[in-house]
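Protein chains in written order, with UniProt numbering: chain A, 1 to 341; chain B, 1 to 251.
Since the structure comes first, as structure tokens, the remarks are kept for the end.
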Amino acid sequence: MHVPDGFFNAATSVSAGAVAAAGVAVCLRGARRELDDRTAPMAGLVAAFIFAVQMLNFPVAAGTSGHLLGGALAAILVGPYTGVLCMAVVLLVQAVFFADGGLTALGVNVTIMGIVTVLAGWGVFRLVTRLARGKAGVTAGAFLAALVSVPVSALVFSLLFWIGGTAPVDPMAVAAAMGGVHVLIGIGEGLITAVTVATVLAVRPDLVYGARGLSRRLVLRDADGETTVGGTPGGADEPAAPRGALRPFLLGGVGLTLVLAGVVSFFASSDPDGLEAVAENKGFLGQASDHLFGSWALADYGEVGGVPVGVAGVVGVGLVLLVAGGLAYAARNRAGSRARA
Amino acid sequence: MGAGHRHELYLPGDSPVHRLPPQCKLLAVLAFAIVVVATPREAFWAFGLYAVLLAAVAAVARVPAGHVVRRMAIEVPFVLFAFLIPVIGMGERVSVLGLSLSAPGLWAAWNILAKATLGVVASILLAATTEPRVVLLGAQRLRLPSLLVQIAMFMLRYLDVIVGEMRRMRVARESRGFAARDVRQIPVIARSAGALFIRSYERGERVHLAMLSRGYTGSMPIIDEMSASVVQWASALALPAAALAVLGCAL
Chain A
1 MHVPDGFFNA ATSVSAGAVA AAGVAVCLRG ARRELDDRTA PMAGLVAAFI FAVQMLNFPV
61 AAGTSGHLLG GALAAILVGP YTGVLCMAVV LLVQAVFFAD GGLTALGVNV TIMGIVTVLA
121 GWGVFRLVTR LARGKAGVTA GAFLAALVSV PVSALVFSLL FWIGGTAPVD PMAVAAAMGG
181 VHVLIGIGEG LITAVTVATV LAVRPDLVYG ARGLSRRLVL RDADGETTVG GTPGGADEPA
241 APRGALRPFL LGGVGLTLVL AGVVSFFASS DPDGLEAVAE NKGFLGQASD HLFGSWALAD
301 YGEVGGVPVG VAGVVGVGLV LLVAGGLAYA ARNRAGSRAR A
Chain B
1 MGAGHRHELY LPGDSPVHRL PPQCKLLAVL AFAIVVVATP REAFWAFGLY AVLLAAVAAV
61 ARVPAGHVVR RMAIEVPFVL FAFLIPVIGM GERVSVLGLS LSAPGLWAAW NILAKATLGV
121 VASILLAATT EPRVVLLGAQ RLRLPSLLVQ IAMFMLRYLD VIVGEMRRMR VARESRGFAA
181 RDVRQIPVIA RSAGALFIRS YERGERVHLA MLSRGYTGSM PIIDEMSASV VQWASALALP
241 AAALAVLGCA L
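Here it is, written out as structure tokens:
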């Protein structure tokens with residue numbers, strides 16, 4: 001969802017533009033370090049990839065579908081600096097050539113969807129991969145990074161909306177609505193990102209920027225049967241002890257999930273109409289105008305709000321735990337069998 | 001960009017608007033959008049005049065109305081959101097057709113709808129009258145960092161290739177009976193995305209090597225200097241100037 005012209009007041013648009021320009025300037029310098037003179041063609045092709053992947057719709061739940069934001073995916077695959085550049089270029093091209101997102105709102109869009117998603121995603125990814133090494137860590141890190149990046153981006157949008165939005169809607173309601181919906185979208189984004197990264201990792205592990213430490217040592221066997229171990233590119237990356245390394249990751253993952261759910265449900269329960277707004281968004285917008293102009297009244301707005309809050313919270317936490325657990329289990333199995341082989 | 005790579009928004013033509021240098025048009029559209037956003041929302045007639053200005057530009061550029069209207073579909077999600085604001089908005093309530101709506105919410109909805117629509121139409125007119133590659137050259141003339149412009153150029157150049165590759169993957173999936181119905185199908189889609197990334201990245205490596213073999217040193221040569229004359233600047237900036245005059249009357 002790209003912000004159009006007129007959604008934020010002029011001051012907010014200009015300051016977000018300054019933030020975006022500064023961020024892009026830093027990343028232009030950083031990307032040269034990541035890619036040197038290959039920057040232009042590589043980042044250009046990766047930007048085209050991100051643009052294409054954003055067109056991939058994935059089913060979320062009950063007939064609705066979301067599409068990938070791609071910030072966390074870009075950060076993990078090509079590094080944070082190049083990731084921000086790719087996202088910024090994608091948004092620029094969408095604004096200028098596809099009229100998607102206003103020209104004056106370009107700064108807001110780049111800040112929210114480029115810089116924030118990449119920073120949040122990369123931060124979480126580094127945290128997780130530091131706790132859990134190996135391919136399992138990278139996959140789980142990719143899942144959590146993408147999962148966190150989407151609601152964080154939505155919350156930053158709400159913050160900007162609170163500062164300089166032009167619509168008189170309760171900012172808490174916006175935060176709750178955006179956060180709630182985007183946790184669900186984030187789960188889809190996390191799944192896709194994790195499996196995508198795992199796929200690339202299986203075929204061309206050297207292409208995954210976030211897994212550079214994983215490359216094996218070069219082992220040379222000569223005709224006499226002597227083996228020489230080459231330089232160690234990544235340092236301590238023996239496939240040993242995936243089990244022990246996984247425990248801190250599991251604990252970290254559960255903790256992160258709980259914190260996330262806690263923050264979101266805090267927003268939700270502090271203001272029941274927020275979640276109802278989500279329900280309207282998801283439910284009644286699809287059900288044609290009957291509700292909008294007919295029997296739907298504001299009278300029962302506050303009372304019913306409590307139910308979806310609780311249900312959504314429990315379902316959300318359960319889903320996150322289930323998915324994270326399943327993913328970690330699958331990744332551990334694979335890593336284990338490879339170590340045995 | 002050879003034949004067959006023409007952009008879907010671009011409408012080839014030879015009108016005065018098509019012939020203007022890109023940097024003039026870019027600056028004009030940006031200035032116009034800023035003026036529109038700065039207009040107070042109470043000035044209904046000002047927005048009407050802005051729309052008339054855009055219609056005049058479209059007429060000069062010979063862009064048919066249908067072309068613009070079809071491309072405006074991109075706005076639909078925010079239009080839906082705008083319709084929601086009066087319902088969930090705060091503040092005093094007014095009764096419209098038996099519905100209790102928030103008065104500030106109605107103002108905000110009008111504000112977003114009017115400004116977003118004008119911005120979208122201006123962008124569509126820019127994209128319809130200017131070839132994408134040329135727009136980027138214009139952006140470079142306006143001192144956008146050249147690395148950023150180069151990245152955007154490579155992206156545009158290979159966009160159709162990558163999207164086409166994705167489309168072929170989709171055809172291959174669907175011809176084998178695949179349909180993305182629920183969450184269980186996500187891994188299949190994600191594996192396609194992973195394969196697409198590898199193909200894109202490896203294509204990037206090949207492109208880079210091909211360019212090195214042709215003497216690429218990190219910057220693209222500029223073949224034709226696109227300088228704009230005073231007359232061209234004046235005619236391009238007539239649009240934001242007229243909008244500014246309208247704004248001056250409105251204040």
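Backbone N, C-alpha and C define an ideal beta-carbon position, used for all residues, glycine too.
Taking only beta-carbon atoms, is residue i less than 8 Å away from chain A?
i, result
"A127/B", "yes"
"residue 311/B", "With chain B covering only 1 through 251, there is no way to say anything about residue 311/B."
"K25/B", "no"
"P12/B", "no"
"P102/B", "With the sequence shown as reference, residue 102/B is identified as Ser, and Pro is not the correct amino acid for it. Yes, because at least one Cβ of chain A sits closer than 8 Å to the Cβ of S102/B."
"H208/B", "yes"
"M226/B", "no"
"F197/B", "yes"
"R71/B", "yes"
"G105/B", "yes"
"E75/B", "yes"
"P145/B", "yes"
Which residues in the same chain have their Cβ closer than 8 Å to the Cβ of residue i, if we skip the five residues on either side of it in sequence?
i, result
"G101/A", "H2, V3, P4, L91, Q94, A95 and N109"
"L9/B", "R71, I124, A127 and A128"
"T227/A", "V219, L220 and R221"
"A195/B", "M169"
"A43/A", "A31, L35, V78, T82, L85, C86 and V89"
Does the distance from the CB of residue i to the CB of residue j come in under 8 Å?
i, j, result
"P205/A", "G179/A", "no"
"A132/A", "A145/A", "no"
"V35/B", "L237/B", "no"
"L69/A", "V24/A", "no"
"A109/B", "I88/B", "no"
"I151/B", "F49/A", "no"
"I74/B", "V120/B", "yes"
"residue 265/B", "L142/B", "Chain B is shown only over 1 to 251; residue 265/B falls outside these bounds and no answer can be derived."
"G71/A", "S149/A", "yes"
"L155/A", "A175/A", "yes"
"S192/B", "R173/B", "yes"
When you compare the CB of residue i with every CB in chain B, is at least one pair closer than 8 Å?
i, result
"M42/A", "yes"
"R204/A", "yes"
"L159/A", "no"
"F97/A", "yes"
"V200/A", "yes"
"A136/A", "no"
"L77/A", "yes"
"T39/A", "yes"
"I163/A", "no"
"T104/A", "yes"
"T196/A", "yes"
Residues of chain B with a CB under 9 Å from the CB of residue i: which are they?
i, result
"G188/A", "V183 and I186"
"F51/A", "M155, L159, I162 and V163"
"residue 381/A", "In this structure chain A extends from 1 to 341, so residue 381/A is not present and cannot be described."
Give the residues of chain B in contact with residue i, contact being defined as C-beta atoms less than 8 Å apart.
i, result
"I185/A", "The premise fails here: I185/A is roughly 12 Å from chain B at the closest Cβ pair, so nothing lies under 8 Å."
"D5/A", "A33, V36, V37, K115, A116, L118, G119 and V120"
"V181/A", "Going along chain B, no residue has its Cβ under 8 Å from V181/A, so there is no contact; the nearest lies around 12 Å."
Output needed for residue i: all residues of its chain with C-beta closer than 7 Å, excluding positions within five of it in sequence on either side, in chain order.
i, result
"V37/B", "K115"
"A180/B", "I189"
"V57/B", "V17, L125 and L239"
"Q140/B", "S146 and V149"
"R199/B", "E165"
"residue 254/B", "Here chain B comprises residues numbered 1 to 251, so residue 254/B is not present and cannot be evaluated."
"T196/A", "L73"
Residue i touches chain B at which residues, Cβ-Cβ below 7 Å?
i, result
"G107/A", "Within chain B, no residue comes near G107/A; the closest Cβ sits about 12 Å away, beyond 7 Å."
"A48/A", "M155, Y158, L159, I162 and S200"
"L56/A", "I189 and A193"
Quick one: which chain A residues come within Cβ less than 9 Å of residue i?
i, result
"P16/B", "The contacting residues do not exist; P16/B stays about 21 Å from chain A at best."
"residue 259/B", "Since the displayed chain B opens at 1 and closes at 251, residue 259/B lies outside it and no answer follows."
So, for residue i: in the same chain, excluding its five sequence neighbours on each side, which residues have a beta-carbon less than 6 Å away from its beta-carbon?
i, result
"L49/B", "V246"
"T193/A", "A72, L73, A142 and A146"
"A61/B", "S15, V17 and T129"
Kindly list, in the order they appear in chain A, the residues whose Cβ is closer than 7 Å to that of residue i.
i, result
"S175/B", "Near S175/B there are no residues of chain A at all, since even the closest Cβ is about 18 Å away, more than 7 Å."
Please compile the residues from chain D whose C-beta is within a distance smaller than 8 Å of the C-beta of residue i.
i, result
"D100/A", "Any reference to chain D falls outside this structure, whose protein chains are A and B."
Can you name the residues of chain A whose CB is closer than 8 Å to the CB of residue i?
i, result
"S213/B", "Correct list: empty, because the minimum Cβ distance to chain A is about 13 Å."
Beta strand (DSSP E) runs contained entirely in the segment 147 to 201 of chain A, provided each spans 3 or more residues:
none
As an exercise, report each continuous alpha helix (DSSP H) stretch of at least 4 residues that is fully enclosed by the segment 21 to 71 of chain B, in chain order.
22 to 38, 44 to 61 and 65 to 71
Which runs of the alpha helix (DSSP H) fall wholly inside the segment 97 to 184 of chain B and span at least 4 residues, in chain order?
103 to 129, 132 to 141 and 146 to 175
Kindly provide the ranges of any beta strand (DSSP E) runs that are 3 or more residues long and lie completely inside the segment 55 to 110 of chain A, ordered along the chain.
57 to 61 and 64 to 67
Extract the residue ranges of the beta strand (DSSP E) inside the segment 185 to 234 of chain B, only unbroken runs of 3 or more that lie entirely within it.
none
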